[in-house]
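Protein sequence lines, in the order shown, are assigned to chains A and B. Just so you know, we're using the numbering used here here: the first sequence kicks off at 5 and counts up by one. Just so you know, we're using the numbering used here here: the second sequence kicks off at 8 and counts up by one. Below is one structure, written out as C-alpha cells; the observations come after it.
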Amino acid sequence: QVQLQQSGAELAKPGSSVKISCKASGYTFTSYYISWIKQTTGQGLEYIGYINTGSGGTNYNEKFKGKATLTVDKSSSTAFMQLSSLTPDDSAVYYCARRIFNYGSYYFDYWGQGVMVTVSS
Amino acid sequence: DIQMTQSPASLSASLGETVTIQCRASEDIYSGLAWYQQKPGKSPQLLIYGASSLQDGVPSRFSGSGSGTQYSLKISSMQTEDEGVYFCQQGLKYPRTFGGGTKLELK
Numbered sequence: 005q006v007q008l009q010q011s012g013a014e015l016a017k018p019g020s021s022v023k024i025s026c027k028a029s030g031y032t033f034t035s036y037y038i039s040w041i042k043q044t045t046g047q048g049l050e051y052i053g054y055i056n057t058g059s060g061g062t063n064y065n066e067k068f069k070g071k072a073t074l075t076v077d078k079s080s081s082t083a084f085m086q087l088s089s090l091t092p093d094d095s096a097v098y099y100c101a102r103r104i105f106n107y108g109s110y111y112f113d114y115w116g117q118g119v120m121v122t123v124s125s
Numbered sequence: 008d009i010q011m012t013q014s015p016a017s018l019s020a021s022l023g024e025t026v027t028i029q030c031r032a033s034e035d036i037y038s039g040l041a042w043y044q045q046k047p048g049k050s051p052q053l054l055i056y057g058a059s060s061l062q063d064g065v066p067s068r069f070s071g072s073g074s075g076t077q078y079s080l081k082i083s084s085m086q087t088e089d090e091g092v093y094f095c096q097q098g099l100k101y102p103r104t105f106g107g108g109t110k111l112e113l114k
C-alpha cells in the first residue's frame, strides 16, 4: 500500500535550519511528484511547492521562495524539505503529499503523517 | 492567487442527517476542485476530486457538485466517523490553494 513516512518532530532555534524527510513506499517513486504543504491553526493549509521526483526539478509558491528548499534522493525514494532562517512564524505541521493529475488540475491523494516544527529560543 | 472561501466555518449534525458544505473560488476553476477530510491529529484524506469524482474507498454517502466558482460537498447521511474538518482545494492554477475549513461535529 502507498505510504509516505515523514521524519520526527523538530524543535529549532530562530535563525537555524531544519531538514525533514518523506520516504515513499508502495508505488513507483518517480511516477509521481511530491508536494509539500504547511498547516497552521491561524493560516490553515498553505501550498509550499513540488518536486519532480524523477528529474529533481522544483517549483515553489512565491511565498516560500528562499524559505523552503526541496530535494530528492531517488535511490532511497525519499523527498526532503529544508527550511532555513527559521522564525516563530515557521512553527507549523508540514506535510508531504503525492500529487495526482486529473483533467487539467492537480490534487493530493496520499499524505504523510506530518512533521511538527517548533521554532523557539 | 485564487482565494477559496468555505461556509459555514462550523456546523453540527445529527446521525442520519444530510450535511452540505459550500466552497467558493475567487475565479472560475473549471471543476478543478477537491475535498479533503481531516480528523484530529491526522493528515487530510482525499474524498472528492474533479469536483464530483469519488476517490477510491470513500463511502458513497459523500458526493460533490458544482461548477464555475461555486462548489459543494454533501454527506447524505451523517455518521459518527464523519466528524472532522473538511477542506476544499483548487487544483487548476498555481499555487494550489485551500479553503479555511469547515468543522463538522455530531449533534
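Just so it is clear, CB atoms sit at the ideal spot from N, CA and C, and this is done for glycine as well.
Is R103 of chain B near Y37 of chain A, with beta carbons less than 7 angstroms apart?
no
State the DSSP-derived secondary structure class of Q78 of chain A, mapped to helix, strand or coil.
One detail in the question is off: residue 78 of chain A reads as Lys in this sequence, not Gln. Here K78 of chain A sits in helix by DSSP.
Are the beta-carbon atoms of S33 of chain B and I9 of chain B separated by less than 7 angstroms?
yes
Does N63 of chain A pass the burial test, meaning 16 or more other C-beta atoms within 10 Å, or should it be called exposed?
exposed
Could you check what DSSP says for S20 of chain A in three-state terms: helix, strand or coil?
coil
Given a limit of 8 angstroms on CB to CB distance, which residues of the stretch 91-103 of chain B reach chain A?
Result list: F94, Q96, Q97, G98, L99, Y101, P102, R103.
Throw me the rounded Cβ distance for the G91 of chain B and L40 of chain B pair, which I believe falls under 8 angstroms.
Their Cβ separation, rounded to whole angstroms, is 18 angstroms, which puts G91 of chain B and L40 of chain B out of contact at 8 angstroms.
Is it a yes or a no for the stretch 11-20 of chain B touching the stretch 106-123 of chain A, going by three-plus beta-carbon pairs under 8 angstroms?
Contact between the stretch 11-20 of chain B and the stretch 106-123 of chain A is absent, with fewer than three C-beta pairs closer than 8 angstroms.
Just checking, does the stretch 24-31 of chain A make contact with the stretch 64-82 of chain B on the three C-beta pairs under 8 angstroms criterion?
no
DSSP state of E112 of chain B, grouped into three classes?
strand
Mind the definition here: the stretch 50-68 of chain B touches the stretch 100-111 of chain A only if three or more C-beta pairs lie below 8 angstroms; say whether that holds.
Yes, the stretch 50-68 of chain B touches the stretch 100-111 of chain A.
Considering only C-alpha positions, which residue in the set B:M85, B:G106, B:R31 is nearest to A20 of chain B?
B:M85
Thinking C-beta only, is T87 of chain B closer than 7 angstroms to I28 of chain B?
no
In whole angstroms, what is the alpha-carbon distance linking V65 of chain B and G19 of chain A?
43 angstroms
Which residues in chain A sit within 7 angstroms of L53 of chain B, going by Cβ to Cβ distance?
Simply Y111, F112, D113.
Using DSSP with H/G/I as helix, E/B as strand and the rest coil, what is S21 of chain B?
In the three-state reduction of the DSSP assignment, S21 of chain B falls in the coil class.
Between A72 of chain A and D63 of chain B, what straight-line distance do the alpha-carbon atoms span, to the nearest angstrom?
32 angstroms
By how many angstroms is the C-alpha of C30 of chain B removed from the C-alpha of D89 of chain B?
Approximately 18 angstroms between the Cα atoms of the pair.
Chain A partners of F105 of chain B, CB-CB under 7 angstroms?
At a C-beta separation below 7 angstroms, F105 of chain B has these neighbours in chain A: G48, L49.
Residues bridged to K81 of chain B by DSSP?
B:T27, B:S70
Locate the beta strand (DSSP E) running through L99 of chain B, then write down its first and last residues.
Neither: L99 of chain B is in no beta strand (DSSP E) and is coded neither H nor E.
Select from the stretch 91-110 of chain A all residues with a C-beta closer than 7 angstroms to any C-beta belonging to chain B, and list them in chain order.
Y99, N106, Y107, G108, S109, Y110
Taking Cβ to Cβ, would you say F68 of chain A is nearer than 7 angstroms to K23 of chain A?
no
State yes or no: is the beta carbon of Y78 of chain B nearer than 7 angstroms to at least one beta carbon in chain A?
Answer no: the Cβ-Cβ gap between Y78 of chain B and chain A never drops below 7 angstroms.
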